[in-house]
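Before any comments, here is the structure.
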Amino acid sequence: MSNLERLINIMTRLRGPSGCPWDKEQTHQSLKPYLIEETYEVLEAIDRNDDSEIKEELGDLLLQVVFHAQIASEENRFAIDDVAEAIADKLIRRHPHVFGDTQADTPDEVIKNWEAIKAEEKPDKKASLLDGVPQHLPALLKARRLQEKAARVGFEWEHIADVAQKVREETEELIQAQESGAIEKIREEFGDLLFALVNLARFLQICPEEALIQTNRKFQSRFRYIETELCKKGKTPHESTLEEMDALWEAAKKETQPQKS
0 MSNLERLINI MTRLRGPSGC PWDKEQTHQS LKPYLIEETY EVLEAIDRND DSEIKEELGD
60 LLLQVVFHAQ IASEENRFAI DDVAEAIADK LIRRHPHVFG DTQADTPDEV IKNWEAIKAE
120 EKPDKKASLL DGVPQHLPAL LKARRLQEKA ARVGFEWEHI ADVAQKVREE TEELIQAQES
180 GAIEKIREEF GDLLFALVNL ARFLQICPEE ALIQTNRKFQ SRFRYIETEL CKKGKTPHES
240 TLEEMDALWE AAKKETQPQK S
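Under numbering that gives the first Met the number 0, the first residue of the sequence shown carries the number 0, and numbering increases by one thereafter.
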C-alpha cells in the first residue's frame, strides 16, 4: 500500500460510521476556509525555504484535496482517482509539444497553445476570455491575471514608460478626487491607481502580492523593534509620543539596511 492509499483509507475511516464527529459533519462549503488557510501556509513555508516545513504544509494541503474528494465520493459524484485522472488527461492534452507533434520552443508559445486548447475544450462555458479568472483570487493577483489574459490577445501597452505615465495620471486623478471629498469617486480612483500599479509590476516582472507581503513583513519587523526598544525603557507605544516612535523607526531602518563593505 502506498502512502497516498494509506491517507485515503484514513480519510475514509474518519468519515465512516465510527469515525470522527468533526470530520463527518464537514462539507465542501465548510472546508473552504481551511483550503485557503492551508494554501497560504504552503506559500509561507516556500518563502522560508524550509524543506521540512514545505513537506508538512504540502501534506496539509493534500489532505484538503483528499477530504473534498471523499465527500464527493460518498455522494457518488466522483472519487480521488477521478481527480487524478482528470488532471493527468488535461496535462497531456495541453502539452501537445511534449506528448504530440505540436511545436512550442518558448514559454510564451506554450502559454498561447495552452489558452487556445483550453478555449477549444470549453467553447460554451465562457462568454469572455476573462471568465476563466477565479472570482476568489486576492484582488492584486486577480488584477494581474486579468491583465495577462488581455495581453495575450494583444490588448497591451507597448512600452513600460507608458505604463509608468498611467500610474502618474491615476495618482493625480486620486488627488483630485480626494480634494472633492466624494467618497465613491475616491474609492474608484484609488482602485484605478492600484490596477495601474499592478500593471507596472507586471512590466517590471514583479509579483505585486509578494512585493506587498515583503513590505508588510518589513513594517512588522520595524514596529516590533519600536516595541522592543520602548519595553527596555519600561514603556509601551500607548505611553510614548509620536516623536519617540518616529526616532525609533529611523533607528530600525538603519538596523535593517545592508552594511557597506
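Ideal Cβ placement from N, Cα and C applies to all residues, glycine included.
Which residue marks the beginning of the alpha helix (DSSP H) containing residue i, and which one marks its end?
{"i": "C230", "result": "P207 to K231"}
{"i": "S239", "result": "No alpha helix (DSSP H) contains S239, which DSSP labels as neither H nor E."}
{"i": "R92", "result": "I79 to R92"}
{"i": "L193", "result": "I182 to F202"}
{"i": "D100", "result": "Where D100 is concerned, there is no enclosing alpha helix (DSSP H), given that its DSSP letter is neither H nor E."}
{"i": "P20", "result": "P20 to K23"}
{"i": "T11", "result": "N2 to L13"}
Hey, residue i and residue j: beta-carbon distance below 9 angstroms or not?
{"i": "E108", "j": "H96", "result": "yes"}
{"i": "W248", "j": "R223", "result": "no"}
{"i": "L34", "j": "D22", "result": "no"}
{"i": "A44", "j": "E36", "result": "no"}
{"i": "H27", "j": "I70", "result": "yes"}
{"i": "T170", "j": "L140", "result": "no"}
{"i": "L62", "j": "T38", "result": "no"}
{"i": "L57", "j": "V82", "result": "no"}
{"i": "I79", "j": "A68", "result": "yes"}
{"i": "L265", "j": "I159", "result": "This structure leaves residue 265 out entirely; the chain is present only between 0 and 260."}
{"i": "T235", "j": "E243", "result": "no"}
{"i": "I110", "j": "R76", "result": "no"}
{"i": "K231", "j": "T255", "result": "no"}
In chain order, what residues of the same chain have a beta carbon less than 7 angstroms from the beta carbon of residue i, not counting five sequence neighbours either side?
{"i": "R275", "result": "Lying outside 0 to 260, the shown extent of the chain, residue 275 is not represented and no answer is given."}
{"i": "F98", "result": "I91"}
{"i": "F194", "result": "A142"}
{"i": "R47", "result": "none"}
{"i": "L129", "result": "L145 and K148"}
{"i": "S260", "result": "Low local confidence applies: a pLDDT of 45 at S260 is under 50, so the model's placement there is unreliable, and no value is given."}
{"i": "Q102", "result": "H96"}
{"i": "A251", "result": "R221, Y224 and I225"}
{"i": "L30", "result": "Q63, F66 and H67"}
{"i": "K253", "result": "none"}
{"i": "A176", "result": "K184, I185 and E188"}
{"i": "I7", "result": "V65 and I79"}
Leaving out the 5 sequence neighbours to the left and right, which residues in its chain are closer than 8 angstroms to residue i when beta-carbon positions are compared?
{"i": "I116", "result": "R92, R93 and P95"}
{"i": "A163", "result": "L199"}
Go through its chain and collect everything with a Cβ distance to residue i's Cβ below 6 angstroms, but skip five positions before and after it.
{"i": "E172", "result": "E188"}
{"i": "M0", "result": "none"}
request  = Scan the region 103–178 and note each continuous alpha helix (DSSP H) run of 4 residues or more that stays entirely inside, going in chain order.
outcome  = 106–120 and 138–150
### Message
At 3 residues or longer, what runs of the beta strand (DSSP E) sit wholly inside the region 39–85?
### Response
none
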